[in-house]
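Residue numbers (full-length UniProt numbering): 1 to 220.
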């Protein structure tokens with residue numbers, strides 16, 4: 001059993017997925033997994049998102065709200081960061097720790113409770129691998145739907161480390177997240193949803209990211 005599975009409260013899906021219902025335990029494991037570099041890695045993600053003053057951002061699978069809180073001072077008082085997560089425990093934890101320009105809703109990425117073209121930016125960090133296999137494509141298409149034309153997407157996920165010992169540790173922590181590798185999966189899901197990929201890269205030992213744009217002339 002992976003360390004990640006120990007934090008899952010339950011799974012409602014036959015093809016994987018479920019919720020993480022132990023926010024404090026999740027944060028502890030995240031700090032260990034990033035070897036004390038979690039803040040630096042997420043600072044980099046916030047920059048890669050393209051967030052600016054006044055932007056409306058949705059964080060899909062926001063968990064404890066860590067990235068949401070880092071984006072909040074960037075968008076400022078005129079902006080808003082909305083976190084979405086299927087776990088009421090995670091949402092409650094995030095609400096208690098976030099500034100006024102953050103809001104949170106319980107919900108799933110594959111069925112977002114937001115109107116079309118509601119946001120300037122959609123971000124998702126370490127969330128896609130928690131979704132049922134059959135729902136991952138739907139979730140990325142939902143990110144496309146809720147973005148305005150010209151809106152930006154950032155998805156950050158696990159990648160297998162090159163070092164064999166680190167790869168073994170990552171497999172224990174992430175479990176099924178490494179099968180198939182998320183870089184391979186996102187290479188199909190993101191353009192398949194209609195996005196134009198702008199860049200891909202890595203941050204730290206286990207993070208792979210994709211940035212993309214919803215084209216201005218893309219059909220709704």
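Ideal Cβ positions, reconstructed from N, Cα and C, are used throughout, including at glycine.
Among the options, which residue has its Cα nearest to the Cα of residue i?
| i | options | result |
| --- | --- | --- |
| residue 86 | 130, 79, 193 and 116 | 130 |
| residue 210 | 135, 109, 218 and 197 | 197 |
| residue 158 | 205, 119 and 145 | 205 |
| residue 94 | 72, 137 and 165 | 72 |
| residue 108 | 217, 137 and 38 | 137 |
| residue 44 | 127, 201, 187 and 55 | 201 |
| residue 216 | 183, 28 and 117 | 117 |
| residue 112 | 51, 55, 145 and 182 | 145 |
| residue 38 | 126, 214, 105 and 114 | 126 |
| residue 120 | 51, 183, 24 and 186 | 51 |
| residue 122 | 58, 160 and 104 | 58 |
Rounded to a whole number of angstroms, what is the C-alpha to C-alpha distance between residue i and residue j?
| i | j | result |
| --- | --- | --- |
| residue 70 | residue 46 | 7 Å |
| residue 147 | residue 31 | 31 Å |
| residue 153 | residue 33 | 25 Å |
| residue 91 | residue 212 | 27 Å |
| residue 141 | residue 194 | 8 Å |
| residue 199 | residue 49 | 11 Å |
| residue 218 | residue 149 | 7 Å |
| residue 74 | residue 188 | 31 Å |
| residue 56 | residue 106 | 18 Å |
| residue 26 | residue 89 | 11 Å |
| residue 20 | residue 78 | 31 Å |
| residue 135 | residue 143 | 12 Å |
| residue 128 | residue 165 | 25 Å |
| residue 114 | residue 83 | 12 Å |
| residue 36 | residue 28 | 10 Å |
Which first and last residues belong to the beta strand (DSSP E) in which residue i is found?
| i | result |
| --- | --- |
| residue 196 | 196-203 |
| residue 83 | 80-85 |
| residue 51 | That residue, residue 51, is in no beta strand (DSSP E); it is neither H nor E in DSSP. |
Leaving out the 5 sequence neighbours to the left and right, which residues in its chain are closer than 6 Å to residue i when beta-carbon positions are compared?
| i | result |
| --- | --- |
| residue 124 | 60, 61 and 155 |
| residue 53 | 76 |
| residue 102 | 68, 72 and 81 |
| residue 99 | 72 |
| residue 139 | 109, 110 and 131 |
May I ask you to report which of helix, strand or coil DSSP gives residue i?
| i | result |
| --- | --- |
| residue 215 | coil |
| residue 156 | strand |
| residue 8 | Confidence in residue 8 is poor, its pLDDT being 49 and thus under 50, which makes the residue's placement unreliable; the coordinate value appears in the next sentence. Strand at residue 8. |
| residue 46 | helix |
| residue 64 | coil |
| residue 37 | coil |
| residue 96 | helix |
| residue 109 | helix |
| residue 72 | helix |
| residue 89 | helix |
| residue 305 | Missing from the structure shown is residue 305; the chain here goes from 1 to 220 and no further. |
| residue 149 | strand |
| residue 133 | helix |
On the DSSP letters alone, give me the boundaries of the alpha helix (DSSP H) that residue i sits inside.
| i | result |
| --- | --- |
| residue 146 | 136-146 |
| residue 25 | 23-33 |
| residue 192 | 182-192 |
From the beta carbon of residue i, is the nearest beta carbon of chain D less than 9 Å away?
| i | result |
| --- | --- |
| residue 192 | Absent here is chain D; the protein component of the structure consists of one chain. |
By Cβ distance below 8 Å, which residues in the same chain neighbour residue i in space, the five residues on each side in sequence not counted?
| i | result |
| --- | --- |
| residue 97 | 64, 65 and 69 |
| residue 41 | 34, 203, 204 and 207 |
Looking only at its own chain, which residues have a Cβ that is under 7 Å from the Cβ of residue i, when we skip the five neighbours before and after it?
| i | result |
| --- | --- |
| residue 6 | Low per-residue confidence applies at residue 6: pLDDT is 40, beneath 50, and the placement is therefore not dependable enough to give any value. |
| residue 191 | 197 |
| residue 186 | 155, 157 and 210 |
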